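Undergrad: One point on numbering: in the numbering used here, the residue at position 393 of the sequence shown is 394, and numbering is uninterrupted.
Note that CB positions come from ideal geometry on N, CA and C, so glycine has one too.
Computed from a prediction, not measured in an experiment: that's the story for all the values here.
Quick one: structure below, then a few questions.
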Amino acid sequence: MSRSDSRSVLSGPVLAVALGLIGGLSLVAMALWDARFEGERGSLLAIQINGVEERMARDVLLPSQGWVLQIVLPPDLTAATRESLIVTLRAERTGEMIEIADQLVTHGGVATLVVPESLGLYAGLLSIRATLTDEQAHELVAYRRVRIRRWLGGPPIGSRQIIHFDFTIDRDGDGRPDFERDLEGYGLALPERPDLAKTVAARIAERALARVARAYDARDDPNRSGLARDQVYVRFLLAADPGPFVTRICIGGKNRDHPKSIGNVRFDLRNEHKSSKECESDEGAGLFPAELRIYEQSPLYDEILGPFLTARGGVALGASGDDGEILASLETSTSSDRGRAVERAIEVLGDVLGTVMAHESAHALGLVPAGRPGVGLFGGAEEDGASYAHNLDALGEPPGQRWLMNDGGRFALEDLAGLGEVGELRFRPLNYAYLKDRVVLIDDRRP
Ligand SMILES: [Ca+2]
Ligand SMILES: [Ca+2]
Ligand SMILES: [Zn+2]
Numbered sequence: 002m003s004r005s006d007s008r009s010v011l012s013g014p015v016l017a018v019a020l021g022l023i024g025g026l027s028l029v030a031m032a033l034w035d036a037r038f039e040g041e042r043g044s045l046l047a048i049q050i051n052g053v054e055e056r057m058a059r060d061v062l063l064p065s066q067g068w069v070l071q072i073v074l075p076p077d078l079t080a081a082t083r084e085s086l087i088v089t090l091r092a093e094r095t096g097e098m099i100e101i102a103d104q105l106v107t108h109g110g111v112a113t114l115v116v117p118e119s120l121g122l123y124a125g126l127l128s129i130r131a132t133l134t135d136e137q138a139h140e141l142v143a144y145r146r147v148r149i150r151r152w153l154g155g156p157p158i159g160s161r162q163i164i165h166f167d168f169t170i171d172r173d174g175d176g177r178p179d180f181e182r183d184l185e186g187y188g189l190a191l192p193e194r195p196d197l198a199k200t201v202a203a204r205i206a207e208r209a210l211a212r213v214a215r216a217y218d219a220r221d222d223p224n225r226s227g228l229a230r231d232q233v234y235v236r237f238l239l240a241a242d243p244g245p246f247v248t249r250i251c252i253g254g255k256n257r258d259h260p261k262s263i264g265n266v267r268f269d270l271r272n273e274h275k276s277s278k279e280c281e282s283d284e285g286a287g288l289f290p291a292e293l294r295i296y297e298q299s300p301l302y303d304e305i306l307g308p309f310l311t312a313r314g315g316v317a318l319g320a321s322g323d324d325g326e327i328l329a330s331l332e333t334s335t336s337s338d339r340g341r342a343v344e345r346a347i348e349v350l351g352d353v354l355g356t357v358m359a360h361e362s363a364h365a366l367g368l369v370p371a372g373r374p375g376v377g378l379f380g381g382a383e384e385d386g387a388s389y390a391h392n393l394d395a396l397g398e399p400p401g402q403r404w405l406m407n408d409g410g411r412f413a414l415e416d417l418a419g420l421g422e423v424g425e426l427r428f429r430p431l432n433y434a435y436l437k438d439r440v441v442l443i444d445d446r447r448p
């Protein structure tokens, strides 16, 4: 059963009367006009929710505020027709109607409203109707029904959540961060030059953190809010004290329980635990950069690490005389080949780790819940193996497009580095809507 439907219908006079000598011209124009207004059943005037494609958005449950309503307008409208837009919300339970066209902001052919609290929506079915009228009184109508739900226990993300990426974890108890040891494995550090290891580790951590921030502060406006910035309200820090809203994810060391897994952070349905620790080696929790070795056949791996791996004819960072100087001057200028190689390794490794950190932290925030909306967000269930807590499409298959929350086993190193065909992996719009508290998940099995 479909919980909502959307359609676009034509009403009013379809044929206009052409007047006068320019009737022929006028008729041609009118015919085009009519064709456009007839549309392809909703393809020209459409109502969208959170920028999510119709098939995925069909069953979503929405909170009373904060979600994004889009009216996708036909192209090349006259100003008068564009201004004729009427958008009405009707609460089905009470019949109460609100006209909101004057609150919409139009950009790029889409009229948008980030539903404010002041609209006063409450739980129940809501009908949305959008109407355009041209100069000849032809009407183009789009219609859609959505379900508004109350939050149960507060929004999953809220505004206070902190993710602490801890690069200082010392699982092996040697008094040094394990991450520095991991770098030795890549020729990016030497035991006898701990000072350089520290510098490289700090640079990679910062680069990775910036990549995480980009994932959660997407510049491509996934929910089509039209806002200049639409960032997820989670703070990502490299240092933080424990607290009720701090989730600590440790990076570095051996993954004894899940070798060959770069990241292993528990899926936390609806972000029930705002505070947690993904650092226990006996649970294999955390991020394990040393396991990036699984990509050693990749050309990118060879390109960025070849210059530093002795097995590949490289020289480990710290073993060459002026490495210290190179590291000290990276931010100002690098003209030497060695300097550029160091910079490139830091950038690519930082971006790769940052992509994994963005993915893993999203598991801790509740992505991707199994099932269809409103219970889930098209995530795989435990019995789905590698698809567990990862994106599936509306048909239950792994998505054709590369999204950040797809099963990580399907990514190449290039994808993680943001150098694959889609560029930086990003959250699909439905994932992003969840992170922005724009959808409500309700477990019907609960009272
Ligand atoms: Ca250690
Ligand atoms: Ca959590
Ligand atoms: Zn995952």
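(1) Which two residues bound the contiguous beta strand (DSSP E) that contains residue 166?
(2) Does the beta-carbon distance from residue 209 to residue 409 come in below 8 angstroms?
(3) I need the straight-line Cα distance from residue 216 to residue 403, nearest angstrom please.
(4) How should residue 311 be labelled, buried or exposed, when 16 other C-beta atoms within 10 angstroms of its C-beta is the threshold for buried?
(5) Would you report the Cα separation of residue 316 and residue 339, rounded to the nearest angstrom?
(6) Which residues have a Cβ closer than 7 angstroms to any heavy atom of ligand 2, listed in chain order?
(7) Taking the alpha carbon of residue 135 as the reference point, which residue from 289, 388, 297 and 85 has its own alpha carbon closest?
(8) Say yes only if the C-beta of residue 391 is nearer than 7 angstroms to one or more non-hydrogen atoms of ligand 3, and no if none qualify.
(9) How do the stretch 263–283 and the stretch 190–199 stand: do at least 3 beta-carbon pairs fall below 8 angstroms, yes or no?
(10) Taking buried to mean at least 16 other C-beta atoms within 10 Å of its own C-beta, is residue 113 buried or exposed?
(11) Contact between the stretch 247–265 and the stretch 156–176 is defined here as three or more beta-carbon pairs at a separation below 8 angstroms; is this criterion met?
(12) Between residue 119 and residue 93, which are expected to be in contact by the criterion C-beta below 8 angstroms, what is the C-beta distance as a whole number of angstroms?
(13) Can you confirm whether the stretch 364–375 touches the stretch 261–271 when touching is taken to mean that 3 or more C-beta pairs between the two stretches lie within less than 8 angstroms?
(14) Entirely within the stretch 267–340 and at least 3 residues each: give me those beta strand (DSSP E) ranges in chain order.
(15) Among 251, 245 and 231, whose alpha-carbon lies nearest the alpha-carbon of residue 239?
(16) Please confirm whether residue 89 and residue 148 have their CB atoms less than 8 angstroms apart.
(17) Does the Cβ of residue 409 lie closer than 7 angstroms to at least one heavy atom of ligand 4?
(18) Which two residues bound the contiguous beta strand (DSSP E) that contains residue 220?
(19) What are the uninterrupted segments assigned as beta strand (DSSP E) that are 3 or more residues long and contained completely in the stretch 123–208, given in chain order?
(20) Taking the straight line between their C-alpha atoms, what separation do you get for residue 74 and residue 140?
(21) For a test of the three-state rule: what should DSSP assign to residue 102, helix, strand or coil?
(22) Under the DSSP definition of a beta bridge, which residues are partnered with residue 248?
(23) Do residue 230 and ligand 1 come close, with the Cβ less than 7 angstroms from some heavy atom?
(24) Less than 8 angstroms between the C-beta atoms of residue 450 and residue 178, yes or no?
(25) Just curious, the alpha helix (DSSP H) that residue 83 is in, first and last residue?
TA: On the basis of the data shown:
(1) Looking at the DSSP string, the run of the beta strand (DSSP E) that includes residue 166 is 163–167.
(2) No, these two residues do not count as a Cβ contact at 8 angstroms.
(3) About 14 angstroms.
(4) With a 10 Å radius around the Cβ and a threshold of 16 neighbouring Cβ atoms, residue 311 comes out exposed.
(5) Taking the straight line joining both Cα atoms gives about 10 angstroms.
(6) Qualifying residues come out as 248, 269, 272, 273, 274, 275, 277, 365, 366 and 367.
(7) When each option's Cα is compared against that of residue 135, the closest is 85.
(8) Yes, the Cβ of residue 391 comes within 7 angstroms of a heavy atom of ligand 3.
(9) At 8 angstroms Cβ cutoff, the stretches do not touch.
(10) Buried, because 16 or more other Cβ atoms sit within 10 Å of the Cβ of residue 113.
(11) The answer is yes - the stretch 156–176 touches the stretch 247–265, with three or more Cβ pairs under 8 angstroms.
(12) With a Cβ gap of about 21 angstroms, residue 119 and residue 93 do not count as contacting.
(13) Remark: three or more beta-carbon pairs, one from each stretch, lie closer than 8 angstroms, so the stretch 261–271 and the stretch 364–375 are flagged as touching.
(14) Those beta strand (DSSP E) runs which fall completely within the stretch 267–340 and span 3+ residues are 277–279.
(15) Residue nearest to residue 239 within the set 251, 245 and 231 is 251 (criterion: CA-CA distance).
(16) No; because the gap between Cβ atoms is not below 8 angstroms, this pair is not in contact.
(17) With respect to ligand 4, the structure offers nothing, as its ligand set consists of ligand 1, ligand 2 and ligand 3.
(18) No beta strand (DSSP E) contains residue 220, which DSSP labels as neither H nor E.
(19) Scanning the stretch 123–208 from its first residue to its last, the whole beta strand (DSSP E) runs of 3-plus residues come out as 125–134, 140–149 and 163–167.
(20) Between the alpha carbons of residue 74 and residue 140 lies a gap of roughly 13 angstroms.
(21) Of the three classes helix, strand and coil, the one that applies to residue 102 here is helix, per DSSP.
(22) Beta-bridge pairing by DSSP links residue 248 to 164 and 277.
(23) Every heavy atom of ligand 1 is 7 angstroms or more from the Cβ of residue 230, so no.
(24) Residue numbering for the chain in the displayed model covers 2 to 448; residue 450 lies beyond these limits and cannot be assessed.
(25) Run containing residue 83: 80–84, per the alpha helix (DSSP H) assignment.
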